[in-house]
Every structure is written in structure tokens, then in C-alpha cells.
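J.: Below: one structure in C-alpha cells.
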Amino acid sequence: MAHIDLGIDERAHPGIRGPMRFRPETAKPLNALAEALLRAPHPTLTPGERELIAAYVSGLNECRFCCATHSAFAAAQLPDGVRLVDRVLADPAGAEVSDKLRALLRIAEAVRRSGRDVTVELVAAARDAGATDLEIHDTVLIAAAFCMYNRYVDGLGTLVPDDPAVYEKAAERIVRHGYVAS
116 MAHIDLGIDE
126 RAHPGIRGPM
136 RFRPETAKPL
146 NALAEALLRA
156 PHPTLTPGER
166 ELIAAYVSGL
176 NECRFCCATH
186 SAFAAAQLPD
196 GVRLVDRVLA
206 DPAGAEVSDK
216 LRALLRIAEA
226 VRRSGRDVTV
236 ELVAAARDAG
246 ATDLEIHDTV
256 LIAAAFCMYN
266 RYVDGLGTLV
276 PDDPAVYEKA
286 AERIVRHGYV
296 AS
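The numbering of the sequence shown is this note's numbering, which starts it at 116 and goes up by one.
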């Protein structure tokens, strides 16, 4: 049970879904932010890549719900699916991703520790790997936002399902309808 009474059946609304139902007036902008960051048209980063950044940061933050959720969302949208997501979460340096994405993941990891850990050298390495200023900006914002989302979920002690099917079903819904419809 969450640390506070959300007034809902948490099994039906696990993780962030419970607090979002508890405070729909804050859920609307939080979902709109997720939609803009992860699903809105982007000239170069796919939704799967952006979800992978969210899953990676969530994993580093040890937020089981958000890591499982966004791993499923990324897997549903990446050609190598779960296999690639698992490799990135286990060893981003050795995962079969582009040098650009690997450099963006290093920036996301730095943001997760502290925004001040994003150095000129990390940004230069990302640029050398082909990252644009837009991609660097969006990576920093995704990482920062997911630190907030992770702390929201974990700070309220929400229910974290163990069944992978829960996350796969959520992935189908998000890929089909997005975050705003959630």
C-alpha cells in the first residue's frame, strides 16, 4: 500500500497511475510532459530511443516501476526489443547502440547524479559522436524529468507489480494511444 491513501485499488492502478488518479490536476501536465519528451515528433531520436533513455535513468535511480515500464515501452518500439534494452541496462558501454546514443546515455547518467556533472567534455564527446544540440538538450530534459518521476513514484511508495505482462499491456496502450490518453 502506498504511503498515503490514494483512494483507489492500487492493483488496478500501480506505480505512477495511482498518484495520477489521486491528483488529476497534476497528472495532466505530467502526462503532457512525458508525451512531449518521449512520443512527440522528433527530427532524429525515435520514441524507442527516448524511452530507452528514460528506462536507463530509472534503472540508475533504482525505480523498479519506472524502469520496468519504460523498458517495456522502449522494447515495444526498438527493432531489437527486450534484448537491446536488457543489454543497455546491464552495460551501456558494450550494448549494440550507436556511438551517438551511447554518448547521450553518458550525459543522461551524469544528469541523474547531478546536472552539474554534465561537463564540457561529455557534451563535446556527444557532438563528436554526431549528437546535435537538440538531442543533447532533450537527453538532459528526459533524464531530469525521469529523476522527478522516479522520486514521485518511489516517494509515495506505490505498488510495483512483479508480473511482466502488466508492463507489456501498458506498452501496448502507450504505443497506441500515448501518455495524454492515459
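Yeah, the Cβ is synthetic: ideal placement off N, Cα and C, and Gly gets one too.
Check L249 in the structure and name its three-state DSSP category.
T.: Locating residue 249 in the sequence shown gives position 134, where the first residue counts as 1. Reduced to three states, the DSSP call for L249 is helix.
J.: Buried or exposed for H292, going by 16 or more other Cβ atoms inside 10 Å?
T.: Looking up residue 292 in the sequence shown gives position 177. Exposed.
J.: DSSP on G272, reduced to helix/strand/coil?
T.: To locate residue 272, count along the sequence shown from 1; it is residue 157. Three-state DSSP puts G272 in coil, outside helix and strand.
J.: Tell me whether S213 is buried or exposed, calling it buried when 16 or more other Cβ atoms sit within 10 Å of its Cβ.
T.: Position 98 of the sequence shown, counted from the first residue, corresponds to residue 213. So S213 counts as exposed.
J.: Please report the residue range of the alpha helix (DSSP H) in which P134 lies.
T.: Reading the sequence shown from its first residue, position 19 is the one you call residue 134. Its alpha helix (DSSP H) spans residues R132 to F137.
J.: My output table needs one value for H292: the three-state DSSP class, helix, strand or coil.
T.: As a working mapping, residue 292 is identified with position 177 in the sequence shown. The answer is helix: DSSP assigns H292 an H, G or I state.
J.: Using beta-carbon positions only, say whether I251 and I289 come within less than 8 Å of one another.
T.: The residue you call residue 251 lines up with position 136 of the sequence shown. The residue you call residue 289 lines up with position 174 of the sequence shown. In this structure, I289 does not lie closer than 8 Å to I251 by Cβ.
J.: How about R136 and H128: are their beta carbons less than 8 Å apart?
T.: Position 21 of the sequence shown, counted from the first residue, corresponds to residue 136. Position 13 of the sequence shown, counted from the first residue, corresponds to residue 128. For R136 and H128, yes; Cβs fall inside 8 Å.
J.: I need the DSSP call for G122, collapsed to helix, strand or coil.
T.: Within the sequence shown, numbered from 1, the residue matching residue 122 stands at position 7. G122 falls in the coil class under three-state DSSP.
J.: Note down, in chain order, each residue of its chain lying with its Cβ closer than 7 Å to the Cβ of A246, except the 5 sequence neighbours on either side.
T.: Working through the sequence shown from its first residue, we reach residue 246 at position 131. Once the five neighbours on either side are set aside, the close Cβ partners of A246 are K215, A218 and L219.
J.: Which value, in whole angstroms, describes the spacing of the CA atoms of A240 and G130?
T.: On the sequence shown, position 125 is the one that residue 240 refers to. On the sequence shown, position 15 is the one that residue 130 refers to. Distance between the alpha carbons of A240 and G130 is about 35 Å.
J.: Between N176, I168 and E140, which has its C-alpha nearest S186's C-alpha?
T.: For the purposes of this step, residue 186 is taken as the residue at position 71 of the sequence shown. Nearest C-alpha to S186: I168.
J.: State the DSSP-derived secondary structure class of L193, mapped to helix, strand or coil.
T.: Numbered from its first residue, the sequence shown carries residue 193 at position 78. Here L193 sits in coil by DSSP.
J.: Consult DSSP for V281 and reduce its assignment to one of helix, strand or coil.
T.: Counting from one through the sequence shown, the residue named residue 281 turns up at place 166. Three-state DSSP puts V281 in a helix.
J.: Given a threshold of 16 other Cβ atoms within 10 Å of its Cβ, counted over all protein chains shown, does L229 qualify as buried or as exposed?
T.: Looking up residue 229 in the sequence shown gives position 114. The residue you asked about is not Leu; residue 229 is Ser in the sequence shown. A residue is called buried when at least 16 other Cβ atoms come within 10 angstroms of its Cβ; S229 does not meet this threshold and is exposed.
J.: State the DSSP-derived secondary structure class of G230, mapped to helix, strand or coil.
T.: Here residue 230 is taken as the residue at index 115 of the sequence shown, counted from 1. Residue state, collapsed to three classes: helix.
J.: Hey, Y294 and R154: beta-carbon distance below 8 Å or not?
T.: By one-based count along the sequence shown, residue 294 stands at place 179. By one-based count along the sequence shown, residue 154 stands at place 39. A contact, by the Cβ cut-off of 8 Å.
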